[in-house]
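Asks: Below are the structure tokens for one structure; questions will follow.
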Amino acid sequence: MSGDQSVKGKRNQKEMIMSPPLKRRGFVLSEILSTERSYVSGLSIILNVYQKPAVEGFFITQEDIDKIILPIVETIYALHQNLLKSLEERIGDLHGTDDPLVAEIFESFIPVVVPLYSAYLLNFDLATTQLKKLRESFHLFDAFLKVQKQTELAHKKDLDSYLITIVQRLPRYVLLFKELVQNTPKSHVEYNRLVKLYQRIQETVSTIDHEKKKSQQKDESIRLHIMFGLEKEMPQTRTLVYAG
Numbered sequence: 001m002s003g004d005q006s007v008k009g010k011r012n013q014k015e016m017i018m019s020p021p022l023k024r025r026g027f028v029l030s031e032i033l034s035t036e037r038s039y040v041s042g043l044s045i046i047l048n049v050y051q052k053p054a055v056e057g058f059f060i061t062q063e064d065i066d067k068i069i070l071p072i073v074e075t076i077y078a079l080h081q082n083l084l085k086s087l088e089e090r091i092g093d094l095h096g097t098d099d100p101l102v103a104e105i106f107e108s109f110i111p112v113v114v115p116l117y118s119a120y121l122l123n124f125d126l127a128t129t130q131l132k133k134l135r136e137s138f139h140l141f142d143a144f145l146k147v148q149k150q151t152e153l154a155h156k157k158d159l160d161s162y163l164i165t166i167v168q169r170l171p172r173y174v175l176l177f178k179e180l181v182q183n184t185p186k187s188h189v190e191y192n193r194l195v196k197l198y199q200r201i202q203e204t205v206s207t208i209d210h211e212k213k214k215s216q217q218k219d220e221s222i223r224l225h226i227m228f229g230l231e232k233e234m235p236q237t238r239t240l241v242y243a244g
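For the sequence shown, position 233 (counting from the first letter as 1) is numbered 233 according to full-length UniProt numbering, and the numbering increases by one without interruption.
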């Protein structure tokens with residue numbers, strides 16, 4: 001490559017890095033990192049402010065807490081801790097012309113967590129119902145949850161508020177990666193990988209939503225069979241499914 005071509009190449013690279021789309025790309029990357037920090041913090045609160053103290057204080061049994069906070073939440077938490085560590089190392093605090101690549105991080109992460117999220121979402125309604133029943137049946141447990149909500153560690157948010165964030169996380173990735181693709185130039189080295197990754201996450205969320213609707217339809221069918229005394233003809237009862 002001649003000297004003129006080399007200078008021209010460096011100039012084009014600098015212009016691309018400093019272009020408005022790449023500046024917006026940097027903002028999106030920062031948002032991905034900040035939301036991941038917040039999400040991991042929320043998972044920690046579920047386990048360390050609500051779950052463990054509830055069992056250790058004998059406010060509820062391990063068997064009952066597992067019906068509310070599914071055991072796979074601990075696995076989800078561990079995986080997201082690793083994801084956050086990778087993002088911190090790759091993104092950190094963006095400065096000037098920094099343009100970190102993130103596609104490869106999520107390419108290895110998404111296939112691992114999808115089965116866990118699928119199991120969690122399919123059982124979420126049942127777990128929510130169990131939480132309501134246990135709060136009504138065990139007044140000490142209900143009082144414990146109210147006290148924990150008011151602590152500084154819980155940021156005055158109840159357990160339900162943190163549990164729903166797990167349901168919302170994959171759809172949030174869809175929005176974040178849609179924005180990331182839109183603000184990544186087509187000439188960018190990881191553009192095509194980001195497009196495929198975005199499509200994969202989007203398809204995953206759609207598949208899980210479809211499975212959840214099928215599960216809800218089955219539950220409604222069971223409810224109607226019981227209502228009309230047709231238990232012998234009803235489909236197999238759904239039970240909690242744990243992945244991992």
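Even glycine gets a Cβ: it sits at the ideal position worked out from N, Cα and C.
Between residue 176 and the rest of its own chain, which residues show a CB-CB distance below 8 Å, the 5 nearest in sequence each way excluded?
Replies: Numbered from 1 along the sequence shown, position 176 holds the residue referred to as residue 176. Taken in chain order, the residues that qualify are 28, 31, 32, 35.
Asks: Taking DSSP as the reference, what is the three-state secondary structure of residue 184?
Replies: One-based indexing of the sequence shown puts residue 184 at position 184. Correct three-state label for residue 184: coil.
Asks: On the criterion of 16 or more Cβ atoms from any shown chain inside 10 Å, does residue 87 qualify as buried, or is it exposed?
Replies: Counting from one through the sequence shown, the residue named residue 87 turns up at place 87. It is buried - the Cβ of residue 87 has at least 16 other Cβ atoms within 10 Å.
Asks: Excluding the 5 residues preceding and the 5 following residue 101 in the sequence, name in chain order all residues of the same chain whose CB lies nearer than 6 Å to its CB.
Replies: As a position in the sequence shown, residue 101 is number 101, starting the count at 1. Hits under 6 Å: 190.
Asks: Specify, as a first and last residue, the run of the alpha helix (DSSP H) that residue 123 falls within.
Replies: Sequence index remark: in the sequence shown, residue 123 carries index 123 (1-based). 103-137 is the extent of the alpha helix (DSSP H) around residue 123.
Asks: How about residue 56 and residue 197: are their beta carbons less than 8 Å apart?
Replies: Working through the sequence shown from its first residue, we reach residue 56 at position 56. Working through the sequence shown from its first residue, we reach residue 197 at position 197. Result no, Cβ atoms of residue 56 and residue 197 do not sit closer than 8 Å.
Asks: Going by alpha carbons, who is nearest to residue 249 out of 214, 67, 149?
Replies: Residue 249 is absent from the structure shown; the chain starts at 1 and stops at 244.
Asks: So, at 7 Å on beta carbons, what are the nonlocal neighbours of residue 156 in its own chain, with the 5 sequence-adjacent residues on each side left out?
Replies: Reading the sequence shown from its first residue, position 156 is the one you call residue 156. If you ignore the 5 residues before and after residue 156, its C-beta comes within less than 7 Å of the C-beta of 149, 150, all in its own chain and listed in chain order.
Asks: Looking at the structure shown, is residue 164 part of a helix, part of a strand, or coil, going by DSSP?
Replies: The sequence position of residue 164 within the sequence shown is 164, counting from 1. DSSP places residue 164 in helix when its eight states are reduced to three.
Asks: DSSP three-state call for residue 70: helix, strand or coil?
Replies: Translated into positions along the sequence shown, residue 70 becomes position 70. DSSP places residue 70 in coil when its eight states are reduced to three.
Asks: Kindly indicate which three-state DSSP category residue 178 falls into: helix, strand or coil?
Replies: Here the question's residue 178 lines up with position 178 in the sequence shown. Helix.
Asks: Check residue 210 in the structure and name its three-state DSSP category.
Replies: Here residue 210 is taken as the residue at index 210 of the sequence shown, counted from 1. Reduced to three states, the DSSP call for residue 210 is helix.
Asks: Cα separation between residue 169 and residue 64?
Replies: For the purposes of this step, residue 169 is taken as the residue at position 169 of the sequence shown. For the purposes of this step, residue 64 is taken as the residue at position 64 of the sequence shown. Distance between the alpha carbons of residue 169 and residue 64 is about 25 Å.
Asks: Taking one C-beta from the stretch 36-54 and one from the stretch 116-125 each time, how about it: are there three or more such pairs within less than 8 Å?
Replies: no
Asks: Taking residue 74 as the reference, give the member of 178, 40, 85, 89 with the closest Cα.
Replies: Counting from one through the sequence shown, the residue named residue 74 turns up at place 74. That would be 40, whose Cα lies nearest to the Cα of residue 74.
Asks: Of all the options 134, 76, 137, 140, which has the alpha carbon lying nearest to the alpha carbon of residue 112?
Replies: Along the sequence shown, read from residue 1 onward, the residue named residue 112 stands at position 112. Of the candidates 134, 76, 137, 140, the one whose C-alpha sits nearest the C-alpha of residue 112 is 76.
Asks: Near residue 202, what residues of its chain come up, given a Cβ to Cβ distance below 6 Å and the 5 sequence neighbours on each side ignored?
Replies: Mapped onto the sequence shown, residue 202 falls at position 202. Closer than 6 Å at Cβ, skipping near neighbours: 174.
Asks: I'd like to know whether the C-beta atoms of residue 72 and residue 90 end up nearer to each other than 8 Å.
Replies: Start at 1 with the first residue of the sequence shown, and residue 72 comes out as number 72. Start at 1 with the first residue of the sequence shown, and residue 90 comes out as number 90. No.
Asks: Cα-Cα, which of 62, 143, 162, 204 is closest to residue 44?
Replies: What you label residue 44 is simply residue 44 of the sequence shown in a count that begins at 1. The candidate whose alpha carbon is nearest that of residue 44 is 162.
Asks: Would you mind working out which of 153, 114, 78, 154 sits nearest residue 206, comparing C-alpha positions?
Replies: Translated into positions along the sequence shown, residue 206 becomes position 206. Taking only the C-alpha atoms, the option nearest residue 206 is 114.
Asks: Would the beta-carbon of residue 69 fall within 8 Å of that of residue 134?
Replies: Counting from one through the sequence shown, the residue named residue 69 turns up at place 69. Counting from one through the sequence shown, the residue named residue 134 turns up at place 134. No. Outside cutoff.
Asks: Which of the three DSSP states, helix, strand or coil, is assigned to residue 143?
Replies: Residue 143 sits at position 143 when you count from the first residue of the sequence shown. Correct three-state label for residue 143: helix.
Asks: Report the CB separation of residue 37 from residue 84 in whole angstroms; it is logged as a contact under 8 Å.
Replies: For this step, residue 37 is matched to residue 37 along the sequence shown. For this step, residue 84 is matched to residue 84 along the sequence shown. The pair is a contact, with the Cβ atoms about 6 Å apart (cut-off 8 Å).
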